[in-house]
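Undergrad: What follows is a single structure, and I will ask about it in a moment.
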Amino acid sequence: MTQAMHGERTGSRTGRPPLEIGKNGDISFRKKGDRWVARTSVRDRDGIKRDVTASGETMGAAKRSLERKLETRAPVGHKGLTSRMTLAQAADFWLSHRAKTGLARRKGPVKPQTLAAYSDAIRLLIVPELGGVRLGEVNVGLLDAVLGDLEETGLSTAQARAVLSQIFGLAVRHSAMQGNPMAFVTPAQREEREVESLGLNEVQQLRSLVTPAARRKPGFRGPGAGLQHVTDGLLGTGCRIGELLALQWKHLNLDGDVPTAIINGTLVEPRKGYVESLGRQESTKSKEARTLILPEPVRQMFLVRRQATQWTGAADPVFASRNGTWTWPNNIRTSLRAVVKDHPDLLGTTPHTLRRTVGTFIAHNNGLDAARAQLGHADPGVTGRRYVATRPIAPDHRLTLEAFFEG
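Residues 268 to 674 in this note's numbering are what the sequence shown lists, from first letter to last.
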């Protein structure tokens with residue numbers, strides 16, 4: 268007994284156009300014993316049609332079983348994305364692909380912390396909101412609505428947007444989509460925030476607050492000078508916190524006429540499934556090493572630190588813990604937060620605030636390009652937009668402008 272649904276069964280007929288690649292024909296049914304068997308044919312990437320069957324206790328059950336089989340079936344000769352894949356499946360495939368192909372595409376592996384950030388965007392935003400949508404069902408309107416709703420709740424969608432665009436780009440290359448819909452999605456509405464940096468008086472106030480004497484509590488030992496040294500190191504270099512804490516003694520030249528620090532690495536904090544433990548990465552965020560000339564007070568700080576520690580080997584951390592291990596960046600953030608919590612003018616100060624403060628001071632006194640070189644930015648636009656606060660009063664250019672009125 269054989270029945271057909273949705274028209275005639277797939278078969279070869281004169282004048283009938285062939286199935287499109289990756290598509291299946293009509294579904295037919297037949298009774299086999301006490302079960303129903305659903306059958307269809309799928310035209311694979313090699314152009315050959317292959318039968319796919321599934322069974323069930325009823326005709327409807329057999330049809331549903333076949334549809335599930337079609338959804339998960341990998342086409343013969345195809346190991347990539349297909350239009351039937353859900354976004355959850357596609358995201359998983361893309362993340363694995365991204366990890367494996369990073370070496371060829373970027374002349375180096377994708378950093379584990381970068382993969383962890385991608386994974387977070389997939390797990391926290393993409394899968395909960397779009398995980399069950401198939402690639403063939405994705406459209407601009409759907410993405411606009413979902414991303415817009417997320418942004419209205421105050422969530423940032425920047426990482427999710429970047430990941431979605433790359434997933435769809437890979438889908439286009441695998442012929443699973445005709446185009447990348449993210450190219451037409453309404454851009455995220457970004458509020459331009461003023462760059463926050465400290466003024467000179469605030470810097471001096473902060474430096475006084477991080478001293479051991481100011482932080483000492485009656486009846487308790489310590490604290491040491493670690494936070495004070497890190498604060499001065501940040502203010503004297505403009506480094507990222509991970510870059511400063513990744514310094515080893517071999518990177519410092521403290522005994523020459525011009526004291527220097529070579530910035531060529533950063534600390535990477537653990538990320539479950541990607542980074543097992545705190546460790547040094549042998550490149551900075553911008554991948555370019557830079558040598559910074561140290562102010563004399565910072566040279567003296569490093570000399571004091573070298574004199575006071577037992578960890579003075581070439582590969583030992585400059586800011587070593589008592590056990591000679593790396594100092595956790597998050598511990599510095601926590602300590603700094605505790606120091607400024609009762610001082611309204613300094614509330615919200617982080618290690619990155621000090622980096623922006625350095626960028627602002629150098630840009631205003633020595634120019635934007637000098638600030639870019641100190642901070643290690645490849646793009647001077649990044650320095651200007653994100654690391655230099657505006658002046659309340661423009662520089663005094665009276666002598667220059669008065670030349671127009673001479674004679």
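Built from N, CA and C at the ideal position, the CB exists for glycine as well.
Nothing here was measured: the structure is a model prediction, and the numbers come from that model.
#1: By Cβ distance, which residues of its chain are closer than 7 Å to glycine 491, with the 5 residues on each side in sequence left out?
#2: Give me the DSSP bridge partner(s) of leucine 519.
#3: Of all the beta strand (DSSP E) runs that stay within the bounds of the region 529-605, which reach a length of 3 or more residues?
#4: Assuming threonine 307 is part of the beta strand (DSSP E), what are its boundary residues?
#5: How many whole angstroms separate the CB atoms of serine 432 and threonine 627, which I take to be in contact at a CB cut-off of 8 Å?
#6: Kindly identify the DSSP beta-bridge partner or partners of glycine 214.
#7: Can you find the residues in the same chain that come closer than 8 Å, C-beta to C-beta, to alanine 587, ignoring five residues on each side of it along the sequence?
#8: Check for me: the alpha helix (DSSP H) holding glutamine 380 runs from which residue to which?
#9: Taking its Cβ as the centre, do 16 or more other Cβ atoms sit within 10 Å of threonine 269, making it buried, or is it exposed?
#10: Whole angstroms is fine: what's the gap from asparagine 598's alpha carbon to arginine 428's?
#11: Assuming contact is defined by CB atoms lying nearer than 9 Å, are aspartate 311 and isoleucine 294 in contact in what I supplied?
#12: Apart from the five residues just before and just after leucine 354, which ones in its own chain have a Cβ nearer than 6 Å to its Cβ?
#13: Aspartate 646 by DSSP, collapsed to three states: which one?
#14: Let me check one thing: in DSSP terms, what residues is lysine 316 bridge-paired to?
#15: Could you tell me which whole alpha helix (DSSP H) segments of length 4 or greater appear in the region 461-508?
#16: Between which two residues does the alpha helix (DSSP H) carrying arginine 428 extend?
#17: Distance, Cα to Cα, threonine 498 vs cysteine 506?
#18: Kindly indicate which residue of Ala388, Gln445, Gly403 and Asn406 has the alpha-carbon position closest to the one of leucine 417.
#19: For tyrosine 385, which residues in the same chain have their Cβ closer than 8 Å to its Cβ, ignoring the five residues on either side in sequence?
#20: Report, in whole angstroms, the separation of the C-beta atoms of leucine 494 and valine 477, which I expect to be a contact under 8 Å.
#21: So which of Asn447, Asp411 and Glu404 has the shortest CA-CA distance to serine 350?
#22: For my contact list, valine 585 and leucine 519 are in at a C-beta cut-off of 8 Å; report their separation, rounded to the angstrom.
#23: Answer with buried or exposed for serine 544, where buried requires no fewer than 16 other C-beta atoms within 10 angstroms of its C-beta.
#24: Please state the DSSP three-state secondary structure of serine 332.
#25: Compute the beta-carbon to beta-carbon distance between leucine 501 and isoleucine 508, rounded to the nearest angstrom, for a pair I have assumed lies under 8 Å.
#26: State the DSSP-derived secondary structure class of threonine 353, mapped to helix, strand or coil.
#27: Name the residue from Gln456, Gly436, His441 and Arg440 whose alpha carbon lies nearest to the alpha carbon of alanine 450.
TA: Answer, in terms of the structure:
#1: Pro479
#2: Note: leucine 519 sits in a beta bridge opposite Ala528.
#3: You should have 533-535, 546-548 and 557-560.
#4: Bounds of the beta strand (DSSP E) holding threonine 307 are 302-310.
#5: Not a contact, Cβ separation roughly 33 Å.
#6: Absent from the model: residue 214. The displayed extent of the chain is 268 to 674, so no value can be given.
#7: Thr576, Trp578, Trp593 and Thr594
#8: Run containing glutamine 380: 379-388, per the alpha helix (DSSP H) assignment.
#9: Residue placement at threonine 269 is flagged as unreliable, the pLDDT there being 48, under the threshold of 50; a coordinate-derived value is accordingly withheld.
#10: 31 Å
#11: When the beta-carbon positions are compared, aspartate 311 and isoleucine 294 stay at least 9 Å from each other.
#12: Closer than 6 Å at Cβ, skipping near neighbours: Leu397, Gly398 and Val400.
#13: coil
#14: Looking at the DSSP output, lysine 316 sits in a beta bridge with Arg310.
#15: 467-476, 479-482 and 493-504
#16: 425-440
#17: 11 Å
#18: Ala388
#19: Leu362, Arg365, Gln426 and Val430
#20: Right, the Cβ-Cβ distance comes to about 5 Å (below 8 Å), so this counts as a contact.
#21: Glu404
#22: 7 Å
#23: exposed
#24: helix
#25: Cβ-Cβ separation between leucine 501 and isoleucine 508: approximately 7 Å, consistent with a contact (criterion under 8 Å).
#26: strand
#27: Gly436
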